[in-house]
Each structure stands twice: as C-alpha cells, then as structure tokens.
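Per UniProt numbering, the very first residue in the sequence shown carries number 1; after that it's consecutive.
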Amino acid sequence: MAVKGLSPPTAAPPLPSPELPPTPGEPPARAWVHDDARLYFLPPTISAPTPAPQALINDLLDVTREYRDFVDAVGRIENEYGRALAAAVKKFETRLDQTLVPLPGARKPPQPTIVGAMRAHLVEINATANLHQKRPAALGAQLVQPLTHIEKRGGESARRLGAWSKDIRQRWDVGREHVDNARSKYHTAVKEHDAALMRFRTVATPHPADGSKVDGDWAKLEKATNDAEVTRADRKRAYLVALAGEGPEGGGGQDLAEGGGEGGWGEEARALYGHVHTSLLELLKHQAREDRAHAELLATILARVPENYEAVSLATDQDLFLDWNKTTRGMSPLATTTPPFSSPALSMGSAHTNGSSSNHPSLTCFSYVPPPSAREEKPELSTDKREDRNWLVNRWVKSSAALTAIVGNDGVDQGILGAKRRELDSLREQCTTFSADRGLGNPEEVWERRLALIRDLGIIERKVAVARAEIAAIEAVLGPLPGPEMAHDFKERAFPTPGHCDACGEKVWSPLKPELACRLCSIALHAKCALHVDPECTGLKSNRRRSQHGRLRRSFTSGALLLRRQTVFGSPHEGPQEYATTQQVRLEPIRDGEQTVSPFFTDDHIGVVAAAAVEEMPPPSVSLARMLYSYTAAGGPEISVGSGEVLRVVEVDGSGWIKVRRGLKSGDEGLVPLSYVDLVGGTVPPQDGAGGVFVVAMFDFPPPSHTPGPGETSIKQHAIYELSDEGMQFDDAWCELCVPDASGSGLRLRGVVPKTYVKLI
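Here is the structure:
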C-alpha cells in the first residue's frame with residue numbers, strides 16, 4: 001500500500017520456475033500472477049500456529065528427511081537383499097502416509113507428483129530388493145549427504161520463514177497496542193479535563209476590590225483546568241498521529257502488504273517451496289540414474305524408474321500448492337478492513353474484536369474512537385492555536401528526520417533501505433543461479449541469508465510506512481514541507497544548575513535525569529516539552545529578552561535567517577505591523593543578544609569596522625541643522641534638501657542664507673534659506689520622538705546581500721541621522737533612528753539599523 005503522493009516501492013520480480021525437461025502430454029505450466037483478491041498469503045490466525053503454506057514446506061522437508069533415512073537404510077540393508085529391503089520400502093511408504101496428514105479441522109493435502117513418483121519408485125525397488133548389493137558407500141556419498149544438507153539448510157530456512165511470520169504478527173500487535181495506549185491516555189485526559197472544568201465552574205468567579213488578591217483556591221482550579229486542557233490537546237494529537245502511523249496508509253497497511261502483498265511472505269514461501277522441491281527432484285533423478293546403471297541385470301526393471309520421475313512436474317506441484325494454500329478457517333478477507341475515521345460504532349467494533357468472530361483484529365486497520373465526552377469532537381488535527389502548529393511542525397521534523405535516516409536523500413544516497421533492497425535483489429539472483437548450477441555456490445546458505453534479510457527489511461519498511469503516513473497526516477493540515485527554515489538540534493544533557501524551559505517557562509533542574517538543550521541556540525527544554533517549543537531555531541547562542549512593555553527586542557541573527565521575522569507584534573518603529581492578542585504576544589518566541597558584529601561583514605570588513613571605531617572623533621564644535629521644510633534649489637550655489645534631513649552647518653553669513661553639507665566630513669554642499677532650518681547644537685530637546693542625539697553612517701545599510709526585514713530602515717554612508725528616544729538603548733546590537741520618509745511626506749519614520757553601521761557624533 002503506497003502513501004498518497006509517493007510512488008510505491010518497486011517489488012522484486014518473483015522467483016522464476018526452474019526449467020524442466022518436457023514431458024509428453026504434460027500441460028503447460030501456469031504462469032504466476034499475483035492477485036490481491038486471493039487470500040493466499042495472509043499471516044496465520046491465532047488458532048493455527050503454523051501457516052498452511054509453511055506446513056506444506058515442512059511436509060516436503062519431512063519427505064526429504066524421511067527419504068534420506070530411507071536411502072541410508074538401503075545402503076545398510078542392500079547386502080541383506082529381499083526381506084530387509086522390502087521392509088524398508090514398506091516403512092517409507094508408511095512414513096509418506098503420515099507426513100501428508102491434514103491440519104486439525106482442515107482437508108487432506110493433495111499428493112504432489114513428486115510424491116507419486118516416489119511411491120512408484122518404491123514399487124520398482126521392492127521388485128529388485130534381492131539384487132541390491134554393496135551400495136552403502138555410493139549411496140552415502142551421492143544421496144545421503146546431499147539430502148541431509150537439503151533437510152538441514154531447508155529446515156533452517158523454513159524456521160526463519162516461520163519467524164518472519166511471527167514478526168509480522170508481533171509488529172501488528174505492537175502497533176495495535178500503541179494505538180490502544182494513545183487512545184486510552186487521550187480518553188483519560190478528556191475525563192480529567194471535564195472533571196477539572198466541572199470543579200472550576202462550581203467555584204464562583206471572585207471579584208476582588210482594587211488592590212486585593214484573587215482567591216487562591218480559584219486560581220489553583222483555573223490553573224488545573226488550563227493544564228488539563230493542554231494535556232487533553234497533547235493526548236489528542238498524539239492519538240491521531242499514532243492512528244495515522246498505524247492505519248491502512250501506515251504500519252497496519254504495511255503489515256498486510258508484507259504478509260499478503262506482492263513480494264510478501266506468501267510469495268517467499270512459494271519460492272522456498274519450489275527451491276526445496278527442485279533440489280529434491282534433482283537428487284531423486286540422480287539416484288534413479290545411478291540405480292539404472294548399477295547393474296545391467298536390473299536394466300529392464302530400473303528403466304521404468306526414470307520414467308516415473310520424468311512425470312514429476314514442478315509447475316503441476318506449484319499449482320497444487322496454490323490450490324491448497326487457502327486457509328479454510330479463521331481468516332478474514334482483506335475487504336473487511338475498517339477504513340480510517342469511520343463511524344464510532346464501526347470503530348469500537350474493529351478496535352475491540354474478541355471471541356470466536358471470523359474477523360480477527362490482526363487483519364483490520366485501526367480507526368478513530370471518539371472519547372467519552374459530552375462534546376462532539378471531530379477526528380481532525382487542529383491548527384487554531386500557535387502551540388497546535390508548533391507541536392505538529394516539530395512532530396513533522398522528527399518524522400522527516402527518521403524517514404531521511406532510512407531512505408536517504410534524493411540524489412545523494414538511498415539510505416539503508418535502498419542498500420537492503422539491492423542486497424535482497426542480489427540474493428534472489430544468487431538463489432536462482434546457484435540452484436541451476438551448484439558448482440557456483442551453495443543455494444541453501446543463500447536462502448538463509450535471504451530470509452534473514454527479508455525479516456530485517458520488513459522492520460525497516462514498516463518504519464518508513466509509519467513515518468510517511470505521519471508526515472502525510474500532518475502535511476494534509478499544514479501543507480507540503482511545513483518544516484522551519486532552521487530546525488533545532490537537541491541533545492540530552494543534565495542541568496545541575498536551575499534554568500528555564502523555553503516552552504513552558506518552568507524550571508529545568510535535573511542533575512541526574514537528562515533533559516534537552518539545542519546545540520545551535522542553547523535553549524533548554526524539558527523532555528516532555530520537546531514538541532511544544534517554537535520549531536524555528538535562531539542558529540546562534542541567545543537569551544530570551546523582552547522589554548517591560550512587552551515590545552519585541554530585535555536581534556542580529558545569523559546570515560541564514562537574513563534578519564527576517566515572519567510576524568512583528570507591538571513593533572516600536574513604523575515598519576509593517578501585525579496586531580495580535582495578549583496571548584499571542586506572550587507566546588511569541590524572541591531571541592536577542594546573539595551577536596554584536598554584523599553577519600554581513602567578512603573578516604576583512606570586521607577589520608574596517610574596528611579601524612572606523614578608533615577613528616578620530618570630529619571636533620566638539622560641530623553645528624547641525626534639522627530641515628523643517630523641503631527646499632528645491634533654484635540654481636547656482638543652492639542645494640535641494642528634504643524635510644527632516646539632518647545637515648552639518650558649514651557657514652552662517654547673516655544674510656538669511658546658511659551653507660550646509662550632507663555628511664559629517666564629505667558630501668554635497670550648498671545654500672538653503674535660514675528660515676527653513678532649525679539650528680541645533682550637540683543636543684536639542686526631543687521633537688517628534690527624537691532623542692536629540694546624532695550619529696553618522698559609517699556604511700550603507702542594507703548591504704546588497706541582505707533583504708530588509710520589517711522595521712529595518714535604509715541609511716547612506718557619511719549621512720547624519722538623529723536617534724529616537726530609545727536610540728542606542730533599543731537593543732544590544734540594534735539602534736533606532738528617525739529617518740526622513742522617502743515618499744516626501746515631510747514626516748520622519750522610525751527604523752532600526754545595526755549599531756556597527758553608525759557612530760555617535
């Protein structure tokens with residue numbers, strides 16, 4: 001079963017049937033076609049410890065073992081002639097009858113053609129019992145040892161096949177237990193929340209007078225109700241995600257596909273049956289040919305023996321295998337699997353199947369079961385609140401990391417899953433090659449490695465199915481690729497000194513128990529809060545900081561984040577704003593105090609900044625003027641300036657004109673009317689929110705490699721600007737300026753620039 005939007009893995013081609021000599025009158029072998037509608041390859045039911053297909057393989061291995069005993073007995077008793085050999089023939093016929101007995105309550109298995117040929121061979125051997133002499137050594141080397149090898153190696157492969165079947169059942173049971181536990185915790189959380197809400201509603205809301213404190217019991221009940229609501233939301237999300245991971249598009253569907261799908265357990269059982277069948281057939285033909293050549297005196301009798309084995313058809317026996325490979329009792333059809341998010345009645349029934357019902361829970365996928373609450377809750381992942389989205393994004397990041405670790409990155413590597421699949425294809429090819437020519441290698445040893453690898457691959461593919469189903473469930477709500485621009489990199493560590501959890505705000509103090517800390521931004525978390533933290537990582541060491549009025553503190557973040565924020569609440573400048581509730585402002589994660597050097601500087605630029613910092617300060621007698629109005633030059637020595645610009649006074653001649661310069665030491669110079677300017681000294685009283693302190697721009701901001709974020713402003717090198725009332729106190733790495741509006745409105749707007757880009761005058 002493939003996850004929506006993803007291509008299903010390509011199944012390995014089925015093992016081809018070995019080529020057999022054509023037999024006159026034999027019908028053509030029926031081509032193998034996988035049919036999902038046939039219930040031939042499902043895992044065993046509870047009432048049948050051994051699957052019916054594996055029972056046929058065990059029967060064939062039992063036949064091999066018994067035939068080996070028979071040949072060994074022939075080697076010992078051929079010197080005794082007639083009666084002893086006839087007794088061995090009769091014993092083997094009895095054993096054949098005992099091995100082909102049906103399972104309790106099942107019909108008798110059909111007799112393969114190979115067994116029928118063996119019975120005919122026994123008749124011939126019984127007729128020539130008195131002629132077989134001096135054959136123990138030859139039979140031991142040519143038959144007993146190869147049969148022992150087939151029985152031992154084939155038996156080990158059959159045991160591993162059975163272990164694989166148990167693995168599928170166990171993984172299913174673990175998945176069901178996972179969903180049951182998540183559902184139980186969710187239902188318990190719902191009950192506890194309803195109870196807390198009932199207790200809270202029974203207490204009257206206090207109305208304290210001004211200055212008095214709120215009743216302690218009411219506050220405790222309010223906190224308990226809020227905590228219960230958070231726990232309820234967490235448990236619901238965990239339950240729905242677990243339900244998606246273990247549902248028909250996740251682990252549950254993968255178990256069904258692995259047990260009964262193309263390239264699954266049933267097809268591997270059929271291929272193993274054909275391998276043992278072919279190996280045994282080859283030895284039997286060889287023994288027949290050796291018996292025919294044993295003595296010319298037995299030519300007339302032994303000539304009929306090869307004809308018996310030439311009538312054996314692997315295709316016919318595999319068709320018998322298919323016809324018998326139907327479970328007669330206790331097996332539920334795949335069509336009865338419960339679709340996800342079905343009605344409550346179907347959900348309760350499918351999740352708690354008991355008794356002797358024909359629908360065993362191992363053959364149905366999990367579905368949503370509503371909690372025992374008076375409110376009608378839909379089985380949907382909610383993104384109404386910011387913490388809901390944080391939880392889902394963090395879970396998406398976790399599932400994506402697990403999926404990448406298994407399947408690898410596109411175009412880079414194929415991960416462990418691709419390596420395992422390539423190894424399995426190689427082993428399947430080796431099985432075919434070595435079975436056709438044993439001189440190239442031992443096919444039984446390859447079969448052991450093949451089945452062991454398939455078991456490991458089943459576990460890995462189930463993890464992939466669970467991760468993809470969880471990712472699909474989350475992306476269905478958040479959209480494709482909802483991950484952060486830079487995710488946290490958490491590691492476990494102890495906290496011998498108290499800290500504060502970045503998610504819940506409570507203390508993190510665990511000298512022995514490991515909690516979590518991000519390798520990139522150093523935030524601390526409780527392990528239980530890992531899915532509640534803001535998924536966006538600043539990428540640098542930081543401390544949470546917020547002004548006393550709740551406004552944001554801007555920070556110099558890494559170059560990867562390009563100094564951008566998605567939202568700005570309560571912005572202290574005139575940049576784009578987005579208003580939010582008090583709850584949103586309280587939950588908005590802010591990082592600052594991260595870096596005091598511009599991320600846009602290279603090492604050479606840092607040297608330039610350092611040199612500029614120690615540059616000789618201008619003389620204290622600098623005179624400045626703030627333009628009150630815009631002025632357009634009429635020509636000659638005049639200069640055009642805009643309202644709000646800060647200029648350096650070069651000369652006042654007393655004629656009603658004043659000579660000014662753009663920039664502290666260099667820039668355009670010219671005359672403007674004295675009535676258009678407001679002369680100021682080193683400091684002036686604040687106007688329109690200005691602080692009366694001036695700075696000169698050391699560099700152009702922003703640099704070409706940087707896109708300005710909300711609230712940031714542009715400045716020109718050598719230009720003079722006035723700080724706002726917050727000015728250099730705005731942030732450790734940023735300062736706030738009053739910059740003339742570029743639209744020509746005559747107003748000055750607030751904006752922030754890095755402190756390293758300006759210098760006080």
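Positions of the beta carbon are idealized from the N, C-alpha and C atoms, including for glycine.
Bear in mind the structure is a predicted one, so any value in this text is a computation, not a measurement.
Using 10 angstroms around the beta-carbon of residue i, count the other beta-carbons present and answer buried if the total reaches 16, otherwise exposed.
{"i": "L272", "result": "buried"}
{"i": "I474", "result": "buried"}
{"i": "A733", "result": "buried"}
{"i": "S279", "result": "buried"}
{"i": "S426", "result": "exposed"}
{"i": "residue 820", "result": "This structure cannot speak to residue 820, because the chain is shown only from 1 to 761."}
{"i": "E651", "result": "exposed"}
{"i": "A31", "result": "Because A31 sits at a pLDDT of 45, beneath the cut-off of 50, its placement in the model cannot be relied upon, and the following sentence gives the value as read from the coordinates. By the 10 Å Cβ count, A31 comes out exposed."}
{"i": "E536", "result": "buried"}
{"i": "R199", "result": "exposed"}
{"i": "D678", "result": "exposed"}
{"i": "K385", "result": "exposed"}
{"i": "D653", "result": "exposed"}
{"i": "Q318", "result": "buried"}
{"i": "E307", "result": "exposed"}
{"i": "K755", "result": "buried"}
Need the endpoints of the beta strand (DSSP E) that residue i sits in, please.
{"i": "N735", "result": "The residue you asked about is not Asn; residue 735 is Cys in the sequence shown. Taken as a continuous stretch (DSSP letters only), the beta strand (DSSP E) holding C735 covers 734-740."}
{"i": "A633", "result": "First-last for A633: undefined, no H or E at that position."}
Since residue i sits in a beta bridge, which residues does DSSP pair it with?
{"i": "Y309", "result": "None, per the DSSP bridge assignment."}
{"i": "A625", "result": "L647, L679"}
{"i": "R493", "result": "E515"}
{"i": "W657", "result": "P673"}
{"i": "V508", "result": "G499"}
{"i": "K759", "result": "V696"}
{"i": "P754", "result": "W734"}
{"i": "Y721", "result": "V695"}
{"i": "V641", "result": "Y631"}
{"i": "L322", "result": "Its beta-bridge partners do not exist; DSSP assigns none."}
{"i": "A524", "result": "A517"}
Are the Cβ atoms of residue i and residue j separated by less than 8 Å?
{"i": "I454", "j": "W164", "result": "yes"}
{"i": "L674", "j": "R662", "result": "no"}
{"i": "I471", "j": "W396", "result": "yes"}
{"i": "P372", "j": "H500", "result": "no"}
{"i": "G259", "j": "A465", "result": "no"}
{"i": "T99", "j": "D62", "result": "yes"}
{"i": "R751", "j": "L737", "result": "First, the amino acid is wrong: residue 751 is Gly here, not Arg. Going by C-beta atoms, G751 is nearer than 8 Å to L737."}
{"i": "S400", "j": "G479", "result": "no"}
{"i": "S75", "j": "V144", "result": "As written in the sequence, residue 75 is Gly, which differs from the Ser given in the question. Going by C-beta atoms, G75 is nearer than 8 Å to V144."}
Please report the residue range of the alpha helix (DSSP H) in which residue i lies.
{"i": "S400", "result": "386-407"}
{"i": "K152", "result": "145-202"}
{"i": "K220", "result": "216-245"}
{"i": "P136", "result": "136-139"}
{"i": "K90", "result": "82-99"}
{"i": "D62", "result": "52-77"}
{"i": "D425", "result": "415-436"}
{"i": "V477", "result": "443-478"}
{"i": "T300", "result": "299-302"}
{"i": "A487", "result": "Premise fails: A487 is in no alpha helix (DSSP H) and is neither H nor E."}
{"i": "V129", "result": "Looking at the sequence provided, one finds Ala at residue 129 rather than Val. A129 -> no alpha helix (DSSP H), and no H or E assigned at all."}
{"i": "Q133", "result": "Note, Q133: premise wrong, no alpha helix (DSSP H); not H, not E."}
Residue i: which of the options sits nearest, CA to CA?
{"i": "E387", "options": "T231, H488, P480", "result": "T231"}
{"i": "P104", "options": "E246, P480, A55, H488", "result": "A55"}
{"i": "A503", "options": "D534, W509, T497, K513", "result": "D534"}
{"i": "E722", "options": "V677, H706, G644, V672", "result": "G644"}
{"i": "I639", "options": "P248, K659, Y629", "result": "K659"}
{"i": "E461", "options": "S435, G418, A476, T433", "result": "G418"}
{"i": "A52", "options": "E78, K108, A633, V305", "result": "K108"}
{"i": "E669", "options": "L131, V641, Y629", "result": "V641"}
{"i": "R289", "options": "V276, H277, L297, A303", "result": "A303"}
{"i": "G162", "options": "L143, K285, N58, Q145", "result": "N58"}
{"i": "Y368", "options": "G692, L243, L297", "result": "L243"}
{"i": "L197", "options": "H178, N226, V693", "result": "N226"}
{"i": "F70", "options": "A84, A88, E80", "result": "A88"}
{"i": "I523", "options": "L512, P511, K513, P498", "result": "P498"}
{"i": "A634", "options": "L671, K665, L512", "result": "L671"}
{"i": "S666", "options": "G692, A697, S655", "result": "A697"}
Please determine whether the Cβ atom of residue i lies at a distance below 7 Å from any heavy atom of the ligand ADP.
{"i": "Y676", "result": "The ligand ADP is not among the ligands present in this structure, which contains no ligands whatsoever."}
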